[in-house]
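Working notes for the structure below.
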Amino acid sequence: MFVETNRVLTDIEIGFNKADAIPIVGVFSSALRIAAGKVQFTAGVCITFTGLIGSISGNNNYAWRSVVQLGCDQMIHGCLNVIRGVGTLLLASTGLNFLLLAQAFRPEGFAPVVQYGRSYQVAARV
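Have a look at this one:
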């Protein structure tokens with residue numbers, strides 16, 4: 011479940027990253043990214059709270075810990091999306107968001123720098 015969620019969120023973020031680099035479109039996509047980041051942060055808070063309640067109940071503590079990790083990951087990504095959205099909005103409002111096209115020359119292209127689900131892969135190995 012978490013792997014599929016992370017894949018979908020990564021695909022959405024790649025779409026935002028591409029749209030942010032297009033003049034005029036970047037203004038709208040960055041405003042949408044800010045709103046999505048707020049929703050993502052709020053969902054992360056709810057998921058974390060649910061995981062903490064489940065962890066306190068004592069049933070399958072490892073599973074609840076992964077739910078808490080998912081929630082924390084979403085809160086962090088939500089904050090980063092709001093910050094990126096504000097930065098892109100400032101660039102787009104001055105017409106300089108085409109500078110974001112430089113991302114296309116990175117080996118990962120427009121993929122997010124902070125990857126979804128990396129904390130789960132590390133935790134699974136421990």
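Throughout the sequence shown, residue numbering follows the numbering used here, covering 11 to 136 in sequence. Quick reminder that beta carbons are idealized off the backbone N, C-alpha and C, glycines included.
Proximity of residue i and residue j at Cβ, strictly below 8 Å
i: T98; j: S40; result: yes
i: F120; j: A114; result: yes
i: L90; j: I57; result: no
i: P122; j: T20; result: yes
i: A112; j: V37; result: no
i: A3; j: L110; result: The shown model of the chain, from 11 to 136, leaves out residue 3, and the question about it has no answer.
Buried or exposed (CB count within 10 angstroms, at least 16 for buried), residue i
i: E23; result: buried
i: I93; result: exposed
i: G54; result: buried
i: F26; result: buried
i: R116; result: exposed
i: G95; result: buried
i: V132; result: Note that V132 has pLDDT 44, beneath the 50 cutoff, so the model's placement of it is unreliable and the number below is only indicative. With fewer than 16 Cβ atoms within 10 Å of its Cβ, V132 is classed as exposed.
Cβ-based neighbour list, residue i, same chain, cut-off 7 Å, excluding 5 preceding and 5 following
i: S65; result: N71, W74, R75 and V78
i: Q50; result: Q84, H87, G88 and N91
Proximal residues to residue i (C-beta, below 8 Å), its chain only, five neighbours per side dropped
i: K48; result: G88 and V92
Cβ shell of residue i (< 6 Å), same chain only, five flanking positions each side left out
i: G127; result: N16
* To do: Taking only runs that begin and end inside the stretch 55-105, name each unbroken alpha helix (DSSP H) of 4 or more residues, in chain order.
  => Taking only runs of at least 4 residues, the alpha helix (DSSP H) segments lying wholly in the stretch 55-105 are 71-103.
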